[in-house]
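Undergrad: This is the structure, below, for whatever I ask next.
2 protein chains.
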Amino acid sequence: MAKTKSSLQPLAIGIDIGGTGTKFGIVDRNGNLLFSSEISSRNHSEIEGFINELFEALLPMIEDAGGSGRIRGIGVGAPNGNYYSGTIEYAPNLIWKGIIPLAKLIENKFQLPTTLTNDANAAAIGEMMYGAAKGMKDFIMITLGTGVGSGIVANGKLVYGHDGFAGELGHTIIIPNGRLHEGTGKRGPLEVYASATGVKLNAIEVLNNNNEPSLLRNVPLEELDSKKVYEAAIHGDKLAREVFDYTGTILGIALANFVMFSSPEAVILFGGLTKAGELILKPTREHMEANLIQVFQNKIKILVSHLRESDAAILGASALVWEMKS
Amino acid sequence: MAKTKSSLQPLAIGIDIGGTGTKFGIVDRNGNLLFSSEISSRNHSEIEGFINELFEALLPMIEDAGGSGRIRGIGVGAPNGNYYSGTIEYAPNLIWKGIIPLAKLIENKFQLPTTLTNDANAAAIGEMMYGAAKGMKDFIMITLGTGVGSGIVANGKLVYGHDGFAGELGHTIIIPNGRLHEGTGKRGPLEVYASATGVKLNAIEVLNNNNEPSLLRNVPLEELDSKKVYEAAIHGDKLAREVFDYTGTILGIALANFVMFSSPEAVILFGGLTKAGELILKPTREHMEANLIQVFQNKIKILVSHLRESDAAILGASALVWEMKS
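Protein chains in written order, with my numbering: chain A, 1 to 326; chain B, 1 to 326.
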């Protein structure tokens, strides 16, 4: 019997390189993840060794998917990935230092056209094609993880800026002369308040500034994270709620500023912190609205990504392939 | 003799509606202002009366330019002008209140296709076609006048946002819980520090916080403006220089945040405050650089518009015509 038409549709490879692990898979145009797996990002101090391992892991998947003739290309999301140059540049969380011509190295090894962008941009494209931003032409994606990443879509296209580095919203200054960001040496950027590390620091600050009892006082410092704060908050712990209120206050001001920049239809939030649900969303929404001028009030949606966290990164990276010029 | 080809090139009408006066003219594709004039924006409490006066003033110009057959269309810049709807909405500085379908009214009267946008967006298009941003695909225009306006170009296109209201950078919060903006009720937006009013308030603050002598102490409060501060500063007045340093500190933080959003090739500054030259540009540049993460440092230009202030608004508005779809 002849193969059905859908089985011959082109496929894309998505690769998401993180500081610890690299996830990859083969995705069809509808966002179905047909095959996927993961390797460590830390096994090879030389990038070539890493790419060889990636190739060995993907080869059987490519065969199972019908051979490399069906693969339209490879999309890669990586921290500090530059869309224009195809390089990763001085990524603090990766073991390969300096400027790495990642897209070219992968393209040469796989003999498939390869596009690279940073991980948050890849997530934004994933949301636009398969997620909460489906059909939107103007939105902002904010990833609230270890750090705060962002991808901005305007007029239906990712905003890369003149050099490919646009969308570093986690580094915008929200509190001038505020808390120190140890990685950058800057004071008061969003990332030191609204990331995983930020929430921990917010919790320490709230606990130090109050004498009231709190469940959080029993948590050893090294275990204090947004999950612990969440658990305390849903048990009615007053200070735990204050931690989310404070985090939401800062995030809300930041979102108001972003909205007044590009007037997105929605802000899509993604990552660990969003698991706190309304505990973080309510103060964020309130402080965003309070800092918006009238023309923007009560019309910008704050949405939480509904893509599975483990799949979203691969989907987003693979979606880059459908954006390729040809 | 047959007319030369260039004399038959299409022309555009540019109209810039300000709170006090409305400037208009006829412009060719190279940005030559062939005819121009001005009427008051305050003579008619009904918008129809205003449009009739505008029509009567433009009619002889259109005839002199070769008749309306040569006019490709009309571009209008106005405060709170919305590109998508062609309306001006609740513009605080205009005498016509509520939502005015300005583009449609002008189109009906002149029988020419008409496009409207806000004044800062029009200025950005003018800079891109004829000014300091010529050839750039990614830049940010900041107008430092009575207020602070902005137009953002990314991927070669104006960022309008989902509703046409993008680019309200003057209202982004730079100092949370900072100085009150009387027009919006918000605290700490850029506009209360880096506009004409802002500089005056900065001067009052610097004078009140210091006991040192200053030439500015002899200036009556109602005459205190950025020109007076400039004059004192070039005479070596220490506190006058502090006023510009403070203004530049705030503006520099704001520009750093804008750069980390869209990574523009340049920020173009326009308006009265730029007349202070390096007195304002130097601290602005320093504080922008100090708040940028490494990947953006020492590569974003801060440029001052070199278009004549009186022409720029008309040029920018007329340039909208060449962007029209049909």
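The beta carbon of each residue, even a glycine, is placed where N, CA and C say it ideally should be. Keep in mind it's a predicted model, so treat the numbers as computed, not measured.
#1: Using C-beta distances below 8 Å, list every residue in its chain close to Leu-292 of chain B, excluding the 5 sequence neighbours before and after it, in chain order.
#2: Determine which residues of the segment 161–181 of chain A have a Cβ less than 8 Å from any Cβ of chain B, and write them out in chain order.
#3: By Cβ distance below 6 Å, which residues in the same chain neighbour Leu-251 of chain A in space, the five residues on each side in sequence not counted?
#4: In chain order, what residues of the same chain have a beta carbon less than 7 Å from the beta carbon of Asn-210 of chain A, not counting five sequence neighbours either side?
#5: At the level of alpha carbons, what is the spacing between Ser-41 of chain A and Ile-47 of chain A?
#6: Could you check whether Ile-125 of chain B and Gly-271 of chain B sit closer than 7 Å to each other, using their CB atoms as the reference points?
#7: Establish whether the CB of Met-1 of chain B and some CB of chain A are separated by less than 7 Å.
#8: Run down chain A in chain order and give the residues with a C-beta less than 7 Å from the C-beta of Glu-265 of chain B.
#9: Could you tell me which whole alpha helix (DSSP H) segments of length 4 or greater appear in the segment 106–145 of chain A?
#10: Taking 7 Å as the threshold (C-beta atoms), are Gly-14 of chain B and Ser-318 of chain B in contact?
#11: When you compare the segment 225–234 of chain B with the segment 172–188 of chain B, are there three or more beta-carbon pairs, one atom per stretch, that lie closer than 8 Å?
#12: My understanding is that Ala-123 of chain A touches Gly-151 of chain A, with C-beta atoms under 8 Å, so please give their C-beta distance in whole angstroms.
#13: Among A:Val-321, A:Glu-191, A:Glu-182 and A:Ile-302, which has the Cα closest to the Cα of Ile-174 of chain A?
#14: Terminal residues of the continuous beta strand (DSSP E) containing Phe-35 of chain B?
#15: Where in the segment 22–100 of chain B do unbroken runs of the alpha helix (DSSP H), each at least 4 residues long, occur, reported from the N-terminal end onward?
#16: Quick one: give me the first and last residue of the beta strand (DSSP E) that Ser-263 of chain B is part of.
#17: Mind pulling the chain B residues with CB within less than 7 Å of Ser-262 of chain A?
#18: Determine the contact status of Tyr-160 of chain A and Tyr-83 of chain A, defining contact as a CB-CB distance below 7 Å.
#19: How many whole angstroms separate the CB atoms of Val-76 of chain B and Thr-114 of chain B, which I take to be in contact at a CB cut-off of 8 Å?
#20: May I ask you to list the residues that DSSP assigns as paired with Asp-16 of chain A?
#21: Have a look at the DSSP bridge pairing and note the partners of Ala-397 of chain B.
#22: Whole angstroms are fine: how far does the CA of Phe-296 of chain B sit from the CA of Ile-140 of chain B?
#23: Within 7 Å (strictly less), CB to CB, does Ser-45 of chain B reach chain A?
#24: Any beta carbon from chain A within less than 7 Å of Asn-257 of chain B's own beta carbon?
#25: Do Thr-20 of chain B and Ile-39 of chain B have their C-beta atoms within less than 7 Å of each other?
#26: For Pro-189 of chain A, which of helix, strand or coil comes out of DSSP?
#27: Please return the same chain residues whose Cβ sits closer than 7 Å to the Cβ of Leu-58 of chain A, not counting the five positions on each side in sequence.
#28: What are the boundary residues of the beta strand (DSSP E) that Val-304 of chain B is part of?
#29: Relative to the C-alpha of Leu-320 of chain B, which residue among B:Asn-121, B:His-306 and B:Gly-183 is closest?
#30: Which two residues bound the contiguous alpha helix (DSSP H) that contains Leu-224 of chain A?
#31: To the nearest angstrom, how far is the alpha carbon of Ile-62 of chain A from that of Leu-112 of chain A?
#32: At the 7 Å Cβ level, is Gly-98 of chain A part of the contact set with chain B, yes or no?
#33: Near Gly-31 of chain B, what residues of its chain come up, given a Cβ to Cβ distance below 6 Å and the 5 sequence neighbours on each side ignored?
#34: What residues in the segment 135–153 of chain A have a beta carbon less than 9 Å from any beta carbon of chain B?
#35: Taking CB distances under 7 Å as the criterion, tell me whether Asn-155 of chain A reaches chain B.
TA: A quick look at the data gives this:
#1: Ala-256, Val-259, Met-260 and Ile-300
#2: Gly-161, His-162, Asp-163, Gly-164, Phe-165, Ala-166, Gly-167, Glu-168, Leu-169, His-171, Thr-172, Ile-173, Ile-174, Ile-175 and Pro-176
#3: Ala-194 and Thr-284.
#4: Leu-239
#5: 10 Å
#6: no
#7: Here Met-1 of chain B scores only 42 on pLDDT, less than 50, and its place in the model should not be relied on; the value that follows carries that caveat. With 7 Å as the cut-off, Met-1 of chain B does not count as an interface residue toward chain A.
#8: Counting only Cβ-Cβ distances below 7 Å, Glu-265 of chain B has contacts in chain A at His-162, in chain order.
#9: 119–130
#10: yes
#11: no
#12: 6 Å
#13: The closest CA to that of Ile-174 of chain A, considering only A:Val-321, A:Glu-191, A:Glu-182 and A:Ile-302, is found on A:Glu-191.
#14: For Phe-35 of chain B, the enclosing beta strand (DSSP E) begins and ends at 33–40.
#15: For the segment 22–100 of chain B, whole alpha helix (DSSP H) runs of length 4 or above, ordered along the chain, are 47–64.
#16: That residue, Ser-263 of chain B, is in no beta strand (DSSP E); it is neither H nor E in DSSP.
#17: Ordered by position in chain B, the residues that pass the 7 Å Cβ test against Ser-262 of chain A are Val-159, Gly-161 and Ala-166.
#18: yes
#19: 6 Å
#20: A:Lys-23 and A:Gly-77
#21: Beyond the ends of chain B as shown, which are 1 and 326, falls residue 397 of chain B; an answer cannot be given.
#22: 15 Å
#23: no
#24: yes
#25: no
#26: strand
#27: Ile-13 and Phe-24
#28: 301–304
#29: B:Asn-121
#30: Element bounds for Leu-224 of chain A: n/a, residue is neither H nor E.
#31: Their backbone Cα atoms lie some 12 Å apart in a straight line.
#32: No, because no Cβ of chain B sits closer than 7 Å to the Cβ of Gly-98 of chain A.
#33: Tyr-130 and Leu-315
#34: Met-136, Lys-137, Asp-138, Phe-139, Ser-150 and Ile-152
#35: yes
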